[in-house]
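Some notes on the structure that comes next.
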Amino acid sequence: MSTGEKPVLSMKEAVGRHVPDGQELLIGGFAFSDPTALAHEIIRQRRKDLFIMKTSGGVLVDQLVGAACVKRVLSCHVWNSVGPVPAHCFRRALEQGKPHPIEIEELSYGAFTTALTAGACDLPFMPTTPVQGAGHFTQRTFLPQKFAVVENPFGGGPVCVVPPLKPALGAFHVHRADKYGNAQLFGPTGEMRFAMAACRKLIVIAEELVDTEVIRQHPEATVAPGFMVDTVVVEPWAAHPTDSYGYYWRDLAHHALYGEMSRTEEGFQRYIDEWVIATGDHAGFVRKLGAERISELRVRSKRYW
Amino acid sequence: MGASLFEKMLLTGARCISDGALLFVGFHWPMLMARIARRLHAPNIVIVYENGIVEDRLTSILPTSPCDLVAAESAAVCAGSLEALYMWLASGRVEMAILEAPIVDRYGNVNTTAVGPYAAPKVRLPGSGGGTELSSLGRNLMLVSASTNRRSYPERVDYVTSPGYLNGAQERNRLGYKPDTGPKTLVNPLGICRFDDNGEMYLAALHHGVTQSEAQGAFGWQIRARQGLDVLPEPTEHELNIVRQELIHAKERYYLLPEG
Chain A
1 MSTGEKPVLS MKEAVGRHVP DGQELLIGGF AFSDPTALAH EIIRQRRKDL
51 FIMKTSGGVL VDQLVGAACV KRVLSCHVWN SVGPVPAHCF RRALEQGKPH
101 PIEIEELSYG AFTTALTAGA CDLPFMPTTP VQGAGHFTQR TFLPQKFAVV
151 ENPFGGGPVC VVPPLKPALG AFHVHRADKY GNAQLFGPTG EMRFAMAACR
201 KLIVIAEELV DTEVIRQHPE ATVAPGFMVD TVVVEPWAAH PTDSYGYYWR
251 DLAHHALYGE MSRTEEGFQR YIDEWVIATG DHAGFVRKLG AERISELRVR
301 SKRYW
Chain B
306 MGASLFEKML LTGARCISDG ALLFVGFHWP MLMARIARRL HAPNIVIVYE
356 NGIVEDRLTS ILPTSPCDLV AAESAAVCAG SLEALYMWLA SGRVEMAILE
406 APIVDRYGNV NTTAVGPYAA PKVRLPGSGG GTELSSLGRN LMLVSASTNR
456 RSYPERVDYV TSPGYLNGAQ ERNRLGYKPD TGPKTLVNPL GICRFDDNGE
506 MYLAALHHGV TQSEAQGAFG WQIRARQGLD VLPEPTEHEL NIVRQELIHA
556 KERYYLLPEG
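Line order of the protein sequences matches chains A and B.
At position 67 of the first sequence the residue is numbered 67 (our numbering), and the sequence of numbers has no breaks.
When you read off a place in the second sequence, starting at 1, and then add 305, the result is the number in our numbering.
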């Protein structure tokens, strides 16, 4: 974390350099701006034993689990949001231990958001949604200290609190970035501003690299100041099949295709072979989608920026 | 053809929404209900989603989930989850919350995490998302279930994802949940359930054509029925027309619709 120019790496280089086996990694996105291109590269490089943190796991986490890259998942939700149909690999891993068992720890979305906010601000803990009596409160696996209850020091009864969460590495999809790492995300931001600030090391995956003068036109959209960012990756369509505000819509047909193919282990393997391995890189994936599909998904309405 | 019980459920939920209300709407059928309400009698509702989108008018396209960015089409506000979950919902600004409850028990506890033992689930489900916040923090919470299967209404859920009244309203109060939070109604294909002072669910009204014993048989415990159970008014032709238009729309948007 520093000022000045940042390395602009390809996805292949970024994964090679920053995501070794066993890496603790928070992946941004909340069923939109999910950096699927990152997951695909992790699968191509056959990473193992990752500790993946993601608020809404979606198809991205499902693929990492199915491809046997993951040892632990911390999440608040893992499903295919179109249909909705199940995240089949996630289910197979937890119900049948296939392709191998994974460890799961869960928070609610609010608890995840507040734990990241506490991490971002270096607070000792933070009040959160009351969850006493709920499953997340009683069921604890690899984060036995994920919740506590304290007495309100100012009077008024018990308060549920979360500890700060400071992921070792974060990787987030953004819309555009400059060479200093200033990263902009338009539209809704979910927990992403706090999540980015909570990470000890940060990679941004931008749809486009732009001049700093372009960034200056909308400083309010900068979700990560350059001094928080370590590495910039430029990867158009990185969030497909999820959506990217102002850039492209959610690809419903592709969500459905993946949902159907991943119903069986064999089908899932076929999806990975065809769409991840054979395509070679994300540019190859986009070529496989085809010009027609790309054109259908591209947002045409005028952006305000 | 007359309205199916599923169509009646969508309309009954929509009718519970008042025009001008500020709503927090969760994933799936609640989104469709709110859209139907907006097209019928409640054009001025304002909907907030967990990711920070504020939807204050009819979008041209039905979102597949709250995070489908067609919900943000020309939005006046796109904020984040701290705003949505805490500044708007927890603060009490949101007047009504609507949450899907595919498995719900006697005290309104909702399970969307796991059926069977947590460590070795028989059926693994998605987990909380913002569903815990809706039920822990939301005022005037309406639960929605499209199921009439007993397995969807056990006496006690295996995992409490979204806390209702836990083992009773006293427990919820004692643990520090804010007053006025907790489920107020459940809408399903059979009709409407409400919750008594102890937080126990009871049958309050039935859809036309559903008998009391049929309705009671869908629950995994001896659910009580209110004396003089109401029968909900049948959908008008106009209402049913809107519901069906939106179901066609939902299908085009890859929603899986119940059979029949």
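Ideal Cβ placement from N, Cα and C applies to all residues, glycine included.
In its chain, beyond the 5 residues on either side, Ala319, Glu544 and Ile547 have a beta carbon closer than 7 Å to the beta carbon of leucine 345 (chain B). Among the residues of chain A, those whose CB is under 8 Å from the CB of histidine 333 (chain B) are Pro84, following chain order. Taking a C-beta distance under 9 Å as the contact criterion, leucine 209 (chain A) and valine 234 (chain A) qualify as a contact pair. Within the same chain, Cβ atoms closer than 8 Å to the Cβ of leucine 316 (chain B) are found at Ala308, Ile341, Pro540, Glu544, Leu545 and Val548, the five residues on either side in sequence being excluded. The DSSP-derived three-state label of leucine 123 (chain A) is coil.
Comparing C-alpha distances from leucine 328 (chain B) to each of B:Val351, B:Asp361 and B:Leu439 shows the shortest one belongs to B:Val351. By the criterion of a C-beta distance shorter than 6 Å, threonine 279 (chain A) is surrounded in its chain by Phe285 and Lys288, once the five residues flanking it on both sides are discounted. Taking a cut-off of 8 Å for Cβ pairs, the region 446 to 466 of chain B and the region 406 to 426 of chain B touch, as three or more such pairs fall below it.
Counting only runs of 4+ residues, the alpha helix (DSSP H) found wholly inside the region 532 to 558 of chain B occupies 542 to 557, in chain order.
Across the structure, methionine 192 (chain A) and arginine 531 (chain B) are spaced so that their CA atoms are roughly 47 Å apart.
CA-CA distance, arginine 343 (chain B) to glycine 246 (chain A), rounds to 26 Å. In this structure, DSSP gives arginine 298 (chain A) an extended state, which the three-state scheme calls strand. For glutamate 95 (chain A), the nearest beta carbon of chain B is closer than 9 Å to its own beta carbon. Going by C-alpha positions, glycine 58 (chain A) is about 31 Å away from arginine 411 (chain B).
Scanning chain B for C-beta atoms nearer than 7 Å to the C-beta of glycine 187 (chain A) yields Leu374, Ala377 and Cys383, reported in chain order. Residues are counted here when their Cβ sits less than 9 Å from a Cβ of chain A; for the region 466 to 499 of chain B these are Thr466, Ser467, Pro468, Leu471, Asn472, Glu476, Arg477, Arg479, Leu480, Gly481, Tyr482, Lys483 and Thr486, given in chain order. Boundaries of the beta strand (DSSP E) around cysteine 76 (chain A): 70 to 77.
The Cβ atoms of arginine 72 (chain A) and leucine 50 (chain A) lie closer than 9 Å to each other.
Think of a sphere of 8 Å around the beta carbon of glycine 357 (chain B): the chain A residues whose beta carbon falls inside it are Pro188, Thr189 and Gly190, in chain order.
Our two residues, serine 2 (chain A) and isoleucine 553 (chain B), have alpha carbons roughly 53 Å apart in a direct line. When C-alpha distances from glutamate 405 (chain B) are compared across B:Val420, B:Ala376 and B:Gly436, the shortest belongs to B:Gly436. For leucine 252 (chain A), the enclosing alpha helix (DSSP H) stretches over residues 252 to 261.
In terms of beta-carbon proximity, phenylalanine 268 (chain A) stays away from the interface with chain B, with every pair separated by 9 Å or more.
Between the alpha carbons of glutamate 505 (chain B) and threonine 516 (chain B) lies a gap of roughly 21 Å. Two segments are said to touch when three or more pairs of C-beta atoms, one from each, lie closer than 8 Å; by this definition the region 159 to 171 of chain A touches the region 118 to 130 of chain A. About 7 Å separates the Cβ atoms of serine 244 (chain A) and histidine 175 (chain A), confirming a contact at the 8 Å cut-off. Between arginine 92 (chain A) and proline 99 (chain A), the C-beta spacing is below 9 Å.
Residues are counted here when their Cβ sits less than 9 Å from a Cβ of chain A; for the region 425 to 438 of chain B these are Ala425, Pro426, Lys427, Val428, Arg429, Leu430, Pro431, Gly432, Ser433, Gly434, Gly435, Gly436, Thr437 and Glu438, given in chain order. Not a single CB atom of chain A sits nearer than 9 Å to the CB of arginine 549 (chain B).
Among the bridge pairs identified by DSSP, asparagine 80 (chain A) is matched with A:Val85. Between alanine 198 (chain A) and glycine 119 (chain A), the C-beta gap is smaller than 9 Å, which places the two residues in contact. Burial state of lysine 556 (chain B) is exposed, judged by a 10 Å Cβ sphere holding fewer than 16 other Cβ atoms. Within its own chain, the residues whose Cβ lies closer than 7 Å to the Cβ of asparagine 472 (chain B), once the five positions on either side in sequence are excluded, are Tyr412, listed in chain order. In the DSSP assignment, histidine 333 (chain B) falls outside any alpha helix (DSSP H), carrying neither H nor E.
Going by beta carbons, glycine 66 (chain A) and histidine 88 (chain A) fall inside the 9 Å limit.
Rounded to whole angstroms, the gap between the alpha carbons of aspartate 535 (chain B) and leucine 374 (chain B) is 40 Å.
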